């Protein structure tokens, strides 16, 4: 049973949503620190542009499209949940999970290829940042997919429908992080 | 109710009740403090009596010495100050003080403690792996920390990084809980300026922590990969930059000072108002000052790097911001002194600790100005002057204010009062010995004594008899101070059974936690309170009593 504290809204915003925004605030600082470190290094080392030229922009573009379109079904799931249709919300969330899985599958093929080419995490500074930044992002994709599975399971029984929106906000954030990573790691050459 | 029939495990170890979780943090933090104190004993004895067989420790090897120094700092900050000041009192006080039944996310709260406990186990376990505990100083600068060929602790250094990173994760989770609870779960009628200062300060501290720790979490991952996989983020040979780590560390490390300072300041505010029977002087100014301090604290970090090769123009800017930040902190101290002025002061044990906090912290603050000025810092850097300075800030924060809080809220937590006489004896021994330890270290620092030296006999100019006498004096004071903690522990545990029953409100305080039974039952309030006024209405002319509880309805209007 939830405590009374959870149901109060003295700040005028629902507790779960408030907490998700604070969570994202802390995530922004983590990714911010990583990306600023990367940009500082990148500016100090013009030769990193040569290393970066070996990334595959096409695969990156496809993955960007996959990830962004997966947000569409997350938005539709939120819409369905607001209308009280938990079953529909659950199905739409499953579609988003499908997008997450597709993203990870493409990424693993991409990485396998790059590692075979000799571009490992220890190859040089650029590839170290490449794998860690994309890797931390990918771990967020995995966590997001698991969370969406759990929320979909509850929504299917019409329980905790507000969580559909919350997991959606988180998923949009995962998208936005990728929007920063894609140009920084793939396009800037 | 089924809740009454919970077994010991479910009730005390797997609980989602904010009060139990607060006490889990408290007792874990106290246990870690004993370990941190033991480390201090070990390395101070080595400095006073180099190479001697130390009782309860044995002969300290150079590697062990480094591990003790490093982990003393790490443990005292991350496993004592943070869990006790923020997590223990935050958990215990926030729901009670804002008038609700629990934290907004009780299970997340339990998870945050469990992650914290795992991190504590990892840091202790690092002492028992091959190579021993990490010895590269609590700041863990690369390349020393990044390469086991230098630090000789291939496992210990990585366990250190993992433990610290897990601790951060635990506090991010806890912080989200604190902030959300204080924002959303306030009792009806409790406006922003009716929230007790300590709650405000814990929330601001949590926000500061959240906004500053991210880069270091990223830095911890990079450092771990440098150690274990062989990447070179911080290695100039592969295009990395060791100074980058220093920026990531201190961008967190300096706000962290205020993360632990603010809850301590909040605790002192609560105690001073109660024992001066006076309203807090300038509530809103204190609050705005704290927020200003928080913002400024993000612009001072490079004062730790004045001799790390940063641009001298940058050093100038950071000198200015660093000296600026002493203004809001000084202002808070003045506000507390103004609160005392004209009050009816009662020197109970919590009040003694609160006043000692102000006095000792002031010394810490004033000596900080020497270090914040880059010109003076070039000389003082990495000497015992720095060490004495930050112990004059951290000891009041992590020890003095914690004793203030413990003796103040003990009756609420356990339903009984601690012994006043033994409390005062413990207070005087601890505070006098604390000054006895660190005043000589200021002097030694000014004489040029460097930090992180295993044995000064190897440095003839630092091995004079005068200097050695001061070292022995400081160590003697430390041993007396540590022994005096037995008095506190006995007082603490014996009072659990023998102390006088406290009743609801032994200090006649007006905040909400004193309106419920001691200890408060599960769910805290029988009926959730409604708030009518601010937290510090002492000696108010409209109230017969000299304190006016926040939830007492206003008297009927006679007109």
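Residue numbers (the numbering used here), protein chains in the order written: chain A, 145 to 333; chain B, 13 to 571.
Glycine included, each C-beta is placed from N, C-alpha and C at the ideal position.
Since we're looking at a predicted model, the values are computed, not measured.
| Check | Outcome |
| --- | --- |
| I think residue 279 of chain B touches residue 388 of chain B, with their Cβ atoms under 8 Å apart; what is that distance to the nearest whole Å? | Wrong, their Cβ atoms sit about 32 Å apart, outside the cutoff. |
| Strictly below 7 Å CB to CB, what residues from chain B border residue 167 of chain A? | 188 |
| Beta-carbon of residue 15 of chain B versus every beta-carbon of chain A: anything under 8 Å? | Note that residue 15 of chain B scores 48 on pLDDT, short of 50, meaning its location in the model is unreliable; the coordinates nonetheless yield the value given after this. Taking Cβ atoms only, chain A never reaches closer than 8 Å to residue 15 of chain B, which makes this a no. |
| Give me the residue from A:174, A:200, A:161 and A:188 with the minimum Cα distance to residue 250 of chain B. | A:188 |
| Are there three or more Cβ pairs, one per stretch, closer than 8 Å when the region 285-300 of chain B is compared with the region 350-363 of chain B? | yes |
| Quick one: which residues of the region 162-192 of chain B get their C-beta closer than 7 Å to a C-beta of chain A? List them in chain order. | 184, 188, 191 and 192 |
| DSSP three-state label for residue 257 of chain A, please. | helix |
| Is residue 559 of chain B helix, strand or coil when you go by DSSP? | strand |
| Using 8 Å as the Cβ pair cut-off and three pairs as the minimum, do the region 64-76 of chain B and the region 173-188 of chain B touch? | no |
| Quick check on DSSP: helix, strand or coil for residue 466 of chain B? | coil |
| If you run the structure through DSSP and keep just helix, strand and coil, what is residue 550 of chain B? | strand |
| Taking 8 Å as the CB-CB cut-off, is residue 333 of chain A touching chain B? | no |
| Just grab the DSSP bridge partners of residue 395 of chain B for me. | B:462 |
| Nearest-angstrom Cα distance between residue 290 of chain A and residue 211 of chain A? | 16 Å |
| Following the continuous alpha helix (DSSP H) through residue 424 of chain B, name the residue where it begins and the one where it ends. | 413-426 |
| Just by C-beta distance, which residues in the region 259-292 of chain B are closer than 8 Å to chain A? | 260 and 263 |
| Given a cut-off of 8 Å on the beta-carbon distance, is the pair residue 298 of chain B and residue 209 of chain B in contact? | yes |
| The alpha helix (DSSP H) with residue 179 of chain B in it runs from where to where? | 168-196 |
| Is the beta carbon of residue 293 of chain B closer than 8 Å to that of residue 350 of chain B? | yes |
| Closer than 7 Å by beta-carbon distance: list the chain A residues that pair up with residue 102 of chain B, in chain order. | The premise fails here: residue 102 of chain B is roughly 14 Å from chain A at the closest Cβ pair, so nothing lies under 7 Å. |
| Quick test of your reading: residue 474 of chain B and residue 452 of chain B, contact by CB under 8 Å. State the CB separation rounded to the nearest angstrom. | Going by Cβ atoms, the distance from residue 474 of chain B to residue 452 of chain B rounds to 14 Å, so no, they are not a contact pair. |
| Is it the case that the region 220-233 of chain A contacts the region 301-318 of chain A, given that we only count it when at least three CB pairs across the two stretches are under 8 Å? | yes |
| Please list, in chain order, the chain A residues whose beta carbon lies closer than 9 Å to that of residue 227 of chain B. | 173, 174, 176, 177, 178, 180 and 181 |
| When you compare the CB of residue 328 of chain B with every CB in chain A, is at least one pair closer than 8 Å? | no |
| Would a check of beta-carbon distances place residue 232 of chain B closer than 8 Å to chain A? | no |
| Counting contacts by CB-CB distance shorter than 8 Å, is residue 245 of chain B in contact with chain D? | Judged by its chain identifiers, the structure shown contains no chain D, and its protein chains are A and B. |
| Pull up the DSSP beta-bridge partners for residue 66 of chain B, would you. | B:70 |
| Output, in chain order, the set of chain A residues within a Cβ distance shorter than 7 Å of residue 122 of chain B. | Result: empty, since nearest Cβ-Cβ is about 13 Å, beyond 7 Å. |
| Within the region 311-390 of chain B, note down every full beta strand (DSSP E) run reaching 3 residues or more, in order along the chain. | none |
| Mind reading off the beta-carbon distance from residue 235 of chain B to residue 246 of chain B? Whole number of angstroms is fine, and I expect it under 8 Å. | 7 Å |
| Using the C-alpha atoms, what's the distance from residue 509 of chain B back to residue 13 of chain B? | Interpretation of residue 13 of chain B is limited by its pLDDT of 38, a score under 50 that renders its predicted location unreliable; the figure taken from the coordinates is listed afterwards. Cα to Cα, residue 13 of chain B sits roughly 27 Å from residue 509 of chain B. |
| Going along chain A in order, which residues have a C-beta closer than 8 Å to the C-beta of residue 2 of chain B? | This structure leaves residue 2 of chain B out entirely; chain B is present only between 13 and 571. |
| What does a CB cutoff of less than 7 Å around residue 186 of chain A pick up in its chain, not counting 5 residues either side in sequence? | 192 |
| So what does DSSP say about residue 14 of chain B, is it helix, strand or coil? | Unreliable positioning characterises residue 14 of chain B in this predicted model, as indicated by a pLDDT of 43, which lies under 50. The coordinate reading is nonetheless provided below. In this structure, residue 14 of chain B counts as helix in the three-state DSSP scheme. |
| In chain B, which residues lie with their C-beta within 7 Å of the C-beta of residue 149 of chain A? | 107, 112, 113, 114, 115, 116, 193 and 197 |
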